[in-house]
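Chemist: Top line first, the protein sequences correspond to chains W and X. Heads up: the first sequence runs through residues 158 to 300, numbered per our numbering. Heads up: the second sequence runs through residues 158 to 300, numbered per our numbering. For reference, the structure I am asking about is given below.
2 protein chains.
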Amino acid sequence: MLSKSSKYALKSVLYLAVHSSENQRILAKDIAKPINVPKAYIAKILQELAKHHLVSSTRGPNGGFYMTKENKERSIIDIVLLIDGEYRLTSCLLSIEECDEDNPCPLHKLIGSAKINFRENLQNTTINDLVRDIREERSFLPL
Amino acid sequence: MLSKSSKYALKSVLYLAVHSSENQRILAKDIAKPINVPKAYIAKILQELAKHHLVSSTRGPNGGFYMTKENKERSIIDIVLLIDGEYRLTSCLLSIEECDEDNPCPLHKLIGSAKINFRENLQNTTINDLVRDIREERSFLPL
DNA sequence: CTTAAAACATGACAATTGTCATATTTAAGA
DNA sequence: TCTTAAATATGACAATTGTCATGTTTTAAG
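Here it is as structure tokens:
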């Protein structure tokens, strides 16, 4: 459903959103440990996210990754789309191109509106929304 | 969500269910073309399905693959579980082991009950059910 | 202006998944 | 019983995805 890379990206963005700020930057290696992802790998993903302004970064001593107010206002679908692309999110269960409501594949009705709902939920949820849930202990960001 | 192999397996099972019978067997290569899957690859998948009695086969001249009445009464989840296993079907969006209703990960509520519903739908649907849909043109099995 | 700490860029390596080919076994029919 | 047509078993190869390391560039601070 989501690739490993997307999952890692989401985890690191959430970690940054909870723990960083403009003047509280975090090193790639200090993100790797708590979210339990290889250091070099998460660095690569963070670079991709930074290039597309989904997270912020500064180089040099005292540098690191962080999230600005603007970063946290982005929808989480932006992260998934950047890493996985649209197809993975919305393609038919049997990967049949012509499959839609009028021309459904045999499995179509089994998934019903779930896929579309899920995509809309991703779209309508911001990083901030998820951070709020975590802060108020309605959800948990684990190791 | 489903692996390519699972999709191919489902397609070939449906094709067999619609077009074959005990004395109307179909060669692997004659399944490959209409469902648009490499011949050698579908052969491998069919062998796996046959080994676990999800399809039937006989060797030698006039042999081939086919589906018995019993085969068609199986639930389609049997196919998915054989090829992909349980984890792929039910694991959390962030692959967090401890994630459940009481201890939800930040994305948990975005998928809601969709995943469980989908799994139940797979479980409660037989090959026969899908064949009926196809026969009555409520769904379409494409190339 | 020099040094060091960090992101950044690049690419090598590994693992998984998907693709394909070949040799073996089985069974039907002449 | 011999030949042939088919599934079956095995494994090699390719592509994708995930993992890791190394060198380069930028920037802050002394």
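C-beta atoms are modelled at their ideal positions from N, C-alpha and C, and glycine is treated no differently. Treat the numbers as computed from the prediction; the structure is a model and nothing was measured.
Which term fits residue 244 of chain X, buried or exposed, when burial requires 16 or more other beta carbons within 10 angstroms of its beta carbon?
Modeler: The residue labelled residue 244 of chain X in the question sits at position 87 within the second sequence. Exposed.
Chemist: Enumerate, from N- to C-terminal direction, the unbroken beta strand (DSSP E) stretches of 3 or more residues contained entirely within the stretch 161-245 of chain W.
Modeler: Fully enclosed beta strand (DSSP E) runs of 3 or longer: 213-215 and 221-223.
Chemist: Evaluate residue 264 of chain X with the Cβ neighbour count: other Cβ atoms within 10 Å of its Cβ, from every protein chain shown; 16 or more gives buried, anything less gives exposed.
Modeler: The count along the second sequence starts at 1 and reaches residue 264 of chain X at position 107. Under this definition residue 264 of chain X is a buried residue.
Chemist: Using a Cβ-Cβ cut-off of less than 7 angstroms, list which residues of the stretch 165-187 of chain X approach chain W; keep chain order.
Modeler: Flagged, chain order: 167, 168 and 171.
Chemist: Please list, in chain order, all residues of the same chain as residue 174 of chain W whose beta carbon is under 7 angstroms from its beta carbon, the five residues on each side excluded.
Modeler: The residue labelled residue 174 of chain W in the question sits at position 17 within the first sequence. Within the same chain, residue 174 of chain W has close Cβ partners 224, 229, 284 and 288.
Chemist: Taking its Cβ as the centre, do 16 or more other Cβ atoms sit within 10 Å of residue 273 of chain X, making it buried, or is it exposed?
Modeler: Locating residue 273 of chain X in the second sequence gives position 116, counting from the first residue. It is exposed - the Cβ of residue 273 of chain X has fewer than 16 other Cβ atoms within 10 Å.
Chemist: Taking residue 261 of chain W as the query, report the chain X residues whose CB atoms sit under 9 angstroms from its CB, ordered along the chain.
Modeler: Here residue 261 of chain W is taken as the residue at index 104 of the first sequence, counted from 1. Those within 9 angstroms of residue 261 of chain W in chain X are 290, 295, 296 and 297.
Chemist: Can you grab the Cα-Cα spacing for the pair residue 176 of chain X / residue 247 of chain X, in whole Å?
Modeler: Start at 1 with the first residue of the second sequence, and residue 176 of chain X comes out as number 19. Start at 1 with the first residue of the second sequence, and residue 247 of chain X comes out as number 90. Computed Cα separation, rounded: 32 angstroms.
Chemist: What residues of chain X sit near residue 158 of chain W, judged by a beta carbon separation below 9 angstroms?
Modeler: Taking the first sequence and counting its residues from 1, one reaches residue 158 of chain W at position 1. Correct list: 158, 245, 248, 250, 268 and 272.
Chemist: Can you give the beta carbon distance from residue 220 of chain W to residue 183 of chain W, rounded, assuming they're within the 8 angstroms contact cut?
Modeler: Start at 1 with the first residue of the first sequence, and residue 220 of chain W comes out as number 63. Start at 1 with the first residue of the first sequence, and residue 183 of chain W comes out as number 26. So it is not a contact: roughly 10 angstroms between Cβ atoms.
Chemist: Does the distance from the CB of residue 212 of chain X to the CB of residue 165 of chain X come in under 8 angstroms?
Modeler: As a working mapping, residue 212 of chain X is identified with position 55 in the second sequence. As a working mapping, residue 165 of chain X is identified with position 8 in the second sequence. No, they are not a contact pair.
Chemist: Along the chain, where does the alpha helix (DSSP H) containing residue 290 of chain W start, and where does it finish?
Modeler: Counting from 1 along the first sequence, the entry for residue 290 of chain W is found at position 133. Taken as a continuous stretch (DSSP letters only), the alpha helix (DSSP H) holding residue 290 of chain W covers 284-292.
Chemist: Can you tell me which of the three DSSP states residue 281 of chain X falls into?
Modeler: Walking along the second sequence from the start, residue 281 of chain X turns up at place 124. Three-state DSSP puts residue 281 of chain X in coil, outside helix and strand.
Chemist: In the DSSP assignment, what are the bridge partners of residue 257 of chain W?
Modeler: Within the first sequence, the letter at position 100 stands for residue 257 of chain W. Partner(s): W:260.
Chemist: Contact defined as beta carbons within less than 8 angstroms: I believe residue 275 of chain W pairs with residue 267 of chain X. What is the distance between those atoms, to the nearest angstrom?
Modeler: Here residue 275 of chain W corresponds to residue number 118 of the first sequence, with the count starting at 1. Here residue 267 of chain X corresponds to residue number 110 of the second sequence, with the count starting at 1. Contact holds; Cβ gap of about 7 angstroms.
Chemist: Going by other Cβ atoms of all chains shown within 10 Å of its Cβ, with 16 needed for buried, is residue 163 of chain W buried or exposed?
Modeler: Along the first sequence, one-based indexing puts residue 163 of chain W at 6. Buried is the call here.
Chemist: By alpha-carbon positions, which one of X:262, X:168, X:200 and X:215 ends up nearest to residue 179 of chain X?
Modeler: Looking up residue 179 of chain X in the second sequence gives position 22. The shortest Cα separation from residue 179 of chain X among X:262, X:168, X:200 and X:215 belongs to X:215.
Chemist: Write down the C-beta distance between residue 172 of chain W and residue 202 of chain W rounded to the nearest angstrom, noting that I regard them as a contact closer than 8 angstroms.
Modeler: Here residue 172 of chain W corresponds to residue number 15 of the first sequence, with the count starting at 1. Here residue 202 of chain W corresponds to residue number 45 of the first sequence, with the count starting at 1. Rounded, the Cβ-Cβ distance is 12 angstroms, inconsistent with contact.
Chemist: So that I know if they touch, is there some Cβ in chain X lying closer than 8 angstroms to that of residue 278 of chain W?
Modeler: Locating residue 278 of chain W in the first sequence gives position 121, where the first residue counts as 1. Chain X, which has a Cβ nearer than 8 angstroms to the Cβ of residue 278 of chain W, makes this yes.
Chemist: With a threshold of 6 angstroms on Cβ separation, who are the neighbours of residue 234 of chain W within its own chain once the five nearest residues in sequence on each side are excluded?
Modeler: Mapped onto the first sequence, residue 234 of chain W falls at position 77. Taken in chain order, the residues that qualify are 279 and 280.
Chemist: Going by Cα to Cα distance, which pick from W:170, W:298, W:290 and W:297 is closest to residue 226 of chain W?
Modeler: Your numbering for residue 226 of chain W matches position 69 in the first sequence. When each option's Cα is compared against that of residue 226 of chain W, the closest is W:170.
Chemist: Looking at chain X, is there any beta carbon in it that lies within less than 8 angstroms of the beta carbon of residue 283 of chain W?
Modeler: By one-based count along the first sequence, residue 283 of chain W stands at place 126. So, not an interface residue.
Chemist: What is the rounded straight-line gap between the Cα of residue 187 of chain W and the Cα of residue 231 of chain X?
Modeler: Stepping through the first sequence from its first residue, residue 187 of chain W is reached at position 30. Stepping through the second sequence from its first residue, residue 231 of chain X is reached at position 74. Using only the alpha carbons, I get a separation of about 50 angstroms.
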